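A short worksheet on the structure shown next.
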Amino acid sequence: MKIVTTIDELRRERRALKGRVAFVPTMGFLHEGHRELMRRGREAADHLVVSIFVNPRQFEPGADLDAYPRDPEGDRAVCEAEGCELLYMPDRDEMYPRGYTTVVAVGELGENLCGSRRPGHFEGVTTVVAKLFHQVSPDVAVFGQKDRQQLAIVRRMVRDLDFPIEIVGVPTVREPDGLALSSRNRYLTDDERARAVWLSRGLVAAHQAYSAGERGSEALVEVAREVVAGAGGDIDYVECVDPDTLRPFEETAGPAAVMALAVRIGSARLIDNLRLDEPLPEELRR
Ligand code: PAF
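Using the working numbering, you'd call the opening residue of the sequence shown number 66 and step up by one each time.
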């Protein structure tokens, strides 16, 4: 595996890769969910490129960027083990040199759900992902469905800005009890971790109601919200939305409804979501 830190080196090494290239952008502190993205990338292409860059522009003002978990040694080992051939680890000055001003604005897709609670977050994501796409020039890029709003926004950006890149969305990887894997889970104390299971249970409750024929979006939200309240956290939102527009259904949940939620438990802000029309994933059936 080659490790590069500058755009020049990256482009030189990228040019040497013949055939299809898959790209997995990450902020590091890699876990099983990232491994799954890398595996899917390898399946979809001949070569795998991974980036690790903790993007300051997607942290809200006042958020503690320095406290974001980092493990460069462990991350390198994970990338190597998953067959990454080119690992790109730029520093902040390489990505945003002095005088940098350009942003990629996301429009209304970035306005609700996490967008309304984390001002500037998605603009930070699209800006860095657009830059990474130009720098890496992949054929395929892989993102997790756990960050469903991010996935929808990246798909839209690729369409609107004509990036010749196929976007692959990968199902959420979960702990055996259903908790979605996230780098932020490490902020949970043992007690908070035990309570966090109520998030996915809330999604399952909404799924069961939907399968039983409930289509009232408010009723579905209420079913989920009541269960999620068991986590004892601070509910940021529980919403029943369209997977493409991310707009909450006003009255009736559509045929491809997604239940999405964000909850603060202790110092961690956890997000999760579930398509209500699809079969429940294995870990959520227990
Ligand atoms: O999902 C993430 O880890 C980040 O938002 C991404 C896509 C790497 C952009 O910084």
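Here a beta-carbon is modelled for each residue, glycine too, at the ideal position from N, C-alpha and C. Owing to the predicted nature of the structure, the values given are computational and were not obtained by experimental measurement.
Self-check item: Selected residue, minimal CA-CA separation from E176, among T71, L341, H186, L326
Solution: Here the closest residue by C-alpha is H186.
Quiz prompt | Coil, strand or helix - H199 by DSSP | solution = helix
Quiz item: Less than 7 Å between the CB of Q123 and some heavy atom of the ligand PAF, yes or no?
Solution: Distance from the C-beta of Q123 to the nearest heavy atom of the ligand PAF is below 7 Å.
Quiz item: In three-state DSSP terms, what is C305?
Solution: Note: C305 maps to strand in three-state DSSP.
Quiz item: Which two residues bound the contiguous alpha helix (DSSP H) that contains P137?
Solution: 137–146
Quiz prompt | R85 vs D204 beta-carbon contact at 8 Å | solution = yes
Exercise. Return the residue from the list E287, S248, S116, R351 that minimises the CA-CA distance to V201.
Key: Nearest C-alpha to V201 among E287, S248, S116, R351: S116.
Practice problem: Give a yes or no on whether the C-beta atoms belonging to Y133 and V119 are separated by under 8 Å. | Solution: Inclusion of Y133 and V119 in the CB contact set at 8 Å is warranted, their separation being smaller than that value.
Self-check item: Local Cβ density within 10 Å of R105, reported as buried at 16 or more and exposed below that
Solution: buried
Self-check item: Between the CA atoms of R334 and R290 - distance to the nearest angstrom
Solution: 16 Å
Self-check item: Proximity test, Q210 beta-carbon vs the ligand PAF heavy atom, cut-off 7 Å
Solution: Short note on Q210: C-beta not closer than 7 Å to any heavy atom of the ligand PAF.
Practice problem: Report yes if the C-beta of T91 is less than 7 Å from at least one heavy atom of the ligand PAF; otherwise report no. | Solution: yes
Self-check item: Inter-stretch contact at 8 Å, needing at least 3 Cβ pairs: the segment 252–268 / the segment 214–234
Solution: no
Quiz prompt | CA-to-CA distance, A270 to R107, given in whole angstroms | solution = 35 Å
Practice problem: Could you please give me the residues that DSSP links to S116 through a beta bridge? | Solution: Its beta-bridge partners are P90, Y153.
Quiz item: Between the C-alpha atoms of R258 and L82, what's the straight-line distance to the nearest angstrom?
Solution: Answer to the nearest angstrom: the Cα atoms are 42 Å apart.
Quiz item: What residues in its chain sit with their C-beta under 6 Å from that of A321, if we drop five residues either side in the sequence?
Solution: Around A321: P308, D342.
Quiz item: Leaving out the 5 sequence neighbours to the left and right, which residues in its chain are closer than 7 Å to L197 when beta-carbon positions are compared?
Solution: P90, S116
Quiz item: Given 8 Å as the limit, is there contact between the segment 272–284 and the segment 311–320, that is, 3 or more CB pairs closer than that?
Solution: Flag = yes, the segment 272–284 and the segment 311–320 touch.
Quiz item: What are the boundary residues of the alpha helix (DSSP H) that includes E291?
Solution: 282–293
Quiz item: Quick one: is the Cβ of N338 within less than 7 Å of any heavy atom of the ligand PAF?
Solution: no
Exercise. Quick one: measure Cβ to Cβ for F94 and A206, integer angstroms, because I've assumed they're closer than 8 Å.
Key: Actually they do not touch by this definition, with Cβ atoms about 20 Å apart.
Self-check item: Buried or exposed by the 16-neighbour rule on C-beta atoms within 10 Å, applied to P155
Solution: buried
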